[in-house]
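Below is one structure, written out as structure tokens, with a few remarks after it.
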Amino acid sequence: GAVKICMLSSQAGAFGRIGGFGTGLRAVGRLLVNDGHEVVALVPRQPLQERHEDLDGMQIVGLSPRELLYPASLLRKIKADVYHSHEPSWHTLVAQIACPKSAHVVTSIDPRGWREIVVELRHATAARRVKFLRQWIYEFQPMVKMAVRYCDAVATPAVGAATEIDARTVRLYRLKEQPK
Numbered sequence: 012g013a014v015k016i017c018m019l020s021s022q023a024g025a026f027g028r029i030g031g032f033g034t035g036l037r038a039v040g041r042l043l044v045n046d047g048h049e050v051v052a053l054v055p056r057q058p059l060q061e062r063h064e065d066l067d068g069m070q071i072v073g074l075s076p077r078e079l080l081y082p083a084s085l086l087r088k089i090k091a092d093v094y095h096s097h098e099p100s101w102h103t104l105v106a107q108i109a110c111p112k113s114a115h116v117v118t119s120i121d122p123r124g125w126r127e128i129v130v131e132l133r134h135a136t137a138a139r140r141v142k143f144l145r146q147w148i149y150e151f152q153p154m155v156k157m158a159v160r161y162c163d164a165v166a167t168p169a170v171g172a173a174t175e176i177d178a179r180t181v182r183l184y185r186l187k188e189q190p191k
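All letters in the sequence shown, in the order written, are residues 12 to 191 by the working numbering.
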């Protein structure tokens, strides 16, 4: 039967900032809506983006900077059956705490350990290096890694067994089994 799914992402494939995460969220959300599911996506609000937008049948909720820090009350109001993180983040953990009876799923799209982060920072602009602390708090801190281990399911977008993304995901989040 149809379920209510709340997708958590850094972008929605519209509203200015568009990359792989946003394109993926939009494609997956569209498929879920076409299958009859109700889909709500929480993303950081971009300039000129309204608080609530409709995108391909999904309800997009643009989060203010304060809500990005701790969106627990909003997550509880949504009352989703499933909370799906399109990349592990602080919101993965907050959703688990705020909605413990719902299912929690995470897709590990770009698992980066310290080796990858050092390479990225070595080649980053000065402005990008300053943003790293915020990104570390949101994506890489130990509580986020713990939240991934407590998810009901962990997936990777890679096709086939034992891919590099699967191996990095298992290693980074100390998973006991391979992602699906």
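For each residue, glycine too, the CB sits at the ideal point set by N, CA and C. Computed from a predicted structure; not experimentally measured.
Taking the CB atoms as reference points, tell me whether residue i and residue j lie closer together than 7 Å.
| i | j | result |
| --- | --- | --- |
| Ser20 | His97 | yes |
| Ala91 | Ile16 | yes |
| Leu6 | Arg56 | Only positions 12 to 191 of the chain appear in this structure, which leaves residue 6 out of reach. |
| Val117 | Val39 | no |
Cα separation between residue i and residue j?
| i | j | result |
| --- | --- | --- |
| Ala52 | Ala109 | 16 Å |
| Phe143 | Thr136 | 11 Å |
| Pro190 | Ser84 | 30 Å |
| Thr103 | Val159 | 7 Å |
| Ala46 | His134 | Contrary to the premise, residue 46 reads as Asp rather than Ala in this sequence. Cα-Cα distance, rounded: 42 Å. |
| Pro82 | Arg185 | 26 Å |
Where does residue i land, buried or exposed, given buried means 16+ other C-beta within 10 angstroms?
| i | result |
| --- | --- |
| Ala138 | exposed |
| Trp101 | buried |
| Asp177 | buried |
| Val141 | exposed |
Looking at the C-beta of residue i, does it have a partner C-beta in chain B at a distance below 7 Å?
| i | result |
| --- | --- |
| Pro153 | This model lacks chain B altogether; it includes just one protein chain. |
- Message: Restricting to runs no shorter than 4 residues, where is the alpha helix (DSSP H) found entirely within the region 83 to 165?
- Response: Within the region 83 to 165, the complete alpha helix (DSSP H) runs of at least 4 residues are 83 to 89, 101 to 109, 125 to 133, 137 to 146, 153 to 160.
- Inter-stretch contact (C-beta, 8 Å, three-pair minimum) for the region 126 to 141 and the region 66 to 81: No, the region 126 to 141 does not touch the region 66 to 81.
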